[in-house]
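**Q**
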Amino acid sequence: MPEGLLFVYSEPGDAVTTEEFNDWYDNEHVPLRLPVPGFQSWSRWVAVDGQHPAYVAIYDLASPSVVTDPAHAALADTRSEREKSIISRIALLDRRTYARRGPVVPPKGGDAAFDPAKPGPFACIVEIDVKPEAEDFNRWYDEEHIPMMAKVPGWIRSRRFVLVDAGAIGSDAGSAKPAKYCAIHDMEDPATLEREEFKAATETEWTKKSMGNATRFSARVFRLARSWKSEDQ
Numbered sequence: 002m003p004e005g006l007l008f009v010y011s012e013p014g015d016a017v018t019t020e021e022f023n024d025w026y027d028n029e030h031v032p033l034r035l036p037v038p039g040f041q042s043w044s045r046w047v048a049v050d051g052q053h054p055a056y057v058a059i060y061d062l063a064s065p066s067v068v069t070d071p072a073h074a075a076l077a078d079t080r081s082e083r084e085k086s087i088i089s090r091i092a093l094l095d096r097r098t099y100a101r102r103g104p105v106v107p108p109k110g111g112d113a114a115f116d117p118a119k120p121g122p123f124a125c126i127v128e129i130d131v132k133p134e135a136e137d138f139n140r141w142y143d144e145e146h147i148p149m150m151a152k153v154p155g156w157i158r159s160r161r162f163v164l165v166d167a168g169a170i171g172s173d174a175g176s177a178k179p180a181k182y183c184a185i186h187d188m189e190d191p192a193t194l195e196r197e198e199f200k201a202a203t204e205t206e207w208t209k210k211s212m213g214n215a216t217r218f219s220a221r222v223f224r225l226a227r228s229w230k231s232e233d234q
């Protein structure tokens with residue numbers, strides 16, 4: 002079961018064409034990470050909500066420390082001329098490392114049934130910060146919110162993470178630290194978010210109280226663009 006996550010928002014911007022950006026990401030950047038020990042999944046997603054950043058790459062990791070291991074760290078020192086050029090012109094590469102918090106809910110069978118190589122086809126990504134005194138936030142999420150979400154038709158699975166480290170480069174990079182908590186909810190279709198069961202899960206009294214304690218909240222919807230498998234999968 003993966004214990005870490007590497008999560009990278011990206012935006013090509015005006016100085017990098019979409020074609021150049023996707024060719025580099027799909028045929029160079031991600032493939033270089035396929036043999037890196039500790040990487041367990043590789044996937045790219047494109048926004049379907051009309052917001053930016055328009056892309057995100059998600060990598061399941063054996064642990065958050067994988068990103069600082071020599072095999073991965075060395076990739077920054079051996080970049081091709083094309084990669085150096087694109088990174089110097091790109092609007093945004095916003096990298097976050099997370100630690101998994103709690104089990105995967107569902108699939109049935111718990112963590113043992115989770116296959117990191119089979120994501121999507123859509124994902125709702127929720128980022129949230131809460132007031133320090135909001136002591137029951139995680140209890141609400143674990144005991145009420147995710148169990149109710151798991152009953153929504155079209156819902157596939159939910160995973161929660163806590164931020165470990167972050168850094169961003171590019172002309173669109175900001176200085177604000179990402180939210181502490183991130184949840185990734187895989188679903189069959191964005192219409193899942195319009196179902197009555199979903200609305201019920203977002204309108205409970207406990208939900209209203211917990212959201213009242215939020216100091217930052219965002220929810221994005223992405224479609225799986227591509228996933229990879231290593232030779233061992």
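So the sequence shown is numbered by the numbering used here: it starts at 2 and just counts up by one. Every residue, glycine too, gets a C-beta built ideally from N, C-alpha and C. Keep in mind that this is a model prediction, so the values were computed, not measured.
Runs of 3 residues minimum, wholly inside the segment 64-115: which ones carry the beta strand (DSSP E) assignment?
**A** 93-101
**Q** Just grab the DSSP bridge partners of H186 for me.
**A** C125 and S159
**Q** Using 8 Å for Cβ pairs, my map puts H186 next to W229. What's the rounded Cβ distance?
**A** About 22 Å separates the CB atoms of H186 and W229; that is not less than 8 Å, and the two are not in contact.
**Q** Does the segment 218-226 come close enough to the segment 39-48 that 3 or more CB-CB pairs lie under 8 Å?
**A** The segment 39-48 is in contact with the segment 218-226.
**Q** Report the option in L194, G5 and D15 whose CA atom is closest to the CA atom of G171.
**A** Nearest in C-alpha terms to G171, of all of L194, G5 and D15, is D15.
**Q** Quick one: grab the DSSP three-state call for R34.
**A** helix
**Q** Tell me where the beta strand (DSSP E) around R196 begins and ends.
**A** Careful: R196 lies outside any beta strand (DSSP E) and carries neither H nor E.
**Q** In chain order, what residues of the same chain lie with their CB nearer than 7 Å to the CB of V163, ignoring the 5 residues before and after it?
**A** Y99, A100, R102, K181 and Y182
**Q** Take R90 and list the residues in its own chain whose beta-carbon comes closer than 8 Å to its own, dropping the five residues that flank it on each side.
**A** G14, A16 and V17
**Q** In terms of residues, what are the limits of the alpha helix (DSSP H) holding E144?
**A** Where E144 is concerned, there is no enclosing alpha helix (DSSP H), given that its DSSP letter is neither H nor E.
**Q** Going by DSSP in three states, D166 sits in which element: helix, strand or coil?
**A** strand
**Q** Taking 8 Å as the cut-off, does the segment 30-40 touch the segment 61-71 (at least 3 CB pairs, one atom from each stretch)?
**A** yes
**Q** For A177, which option in D137, N28, E197 and D130 has the closest C-alpha, if you only look at C-alpha atoms?
**A** D130
**Q** Return the Cβ separation of P179 and A167 in integer angstroms, given the expectation that the two are a contact with Cβ distance under 8 Å.
**A** 5 Å
**Q** I need the boundaries of the beta strand (DSSP E) containing S11, first residue and last residue.
**A** G5 to E12 is the span of the beta strand (DSSP E), which, as asked, contains S11.
**Q** Classify M188 as buried or exposed, calling it buried when 16 or more other Cβ atoms lie within 10 Å of its own Cβ.
**A** buried
**Q** List the endpoints of the continuous beta strand (DSSP E) containing F40.
**A** Premise fails: F40 is in no beta strand (DSSP E) and is neither H nor E.
**Q** In the DSSP assignment, find the unbroken beta strand (DSSP E) run with S228 in it and report its ends.
**A** From DSSP, the beta strand (DSSP E) with S228 extends over A215 to W229.
**Q** Just to confirm, are E136 and W207 a CB contact at a threshold of 8 Å?
**A** One thing to note: E136 has its Cβ no nearer than 8 Å to the Cβ of W207.
**Q** Kindly indicate the opening and closing residues of the beta strand (DSSP E) around D61.
**A** Y56 to L62
**Q** Cutting at 7 Å between CB atoms, please list the residues of its own chain near A92, excluding the five before and the five after it.
**A** The answer, listed in chain order, is E12, P13, G14, G171, S172 and D173.
**Q** Residues in the same chain with beta-carbon distance under 7 Å from P3, minus the five sequence neighbours each way, listed in chain order, please.
**A** Q41, D61, L62, A63, R101 and P117
**Q** May I have the straight-line CA-CA distance separating L94 from E198, to the nearest angstrom?
**A** Spanning the two alpha carbons is a distance of roughly 36 Å.
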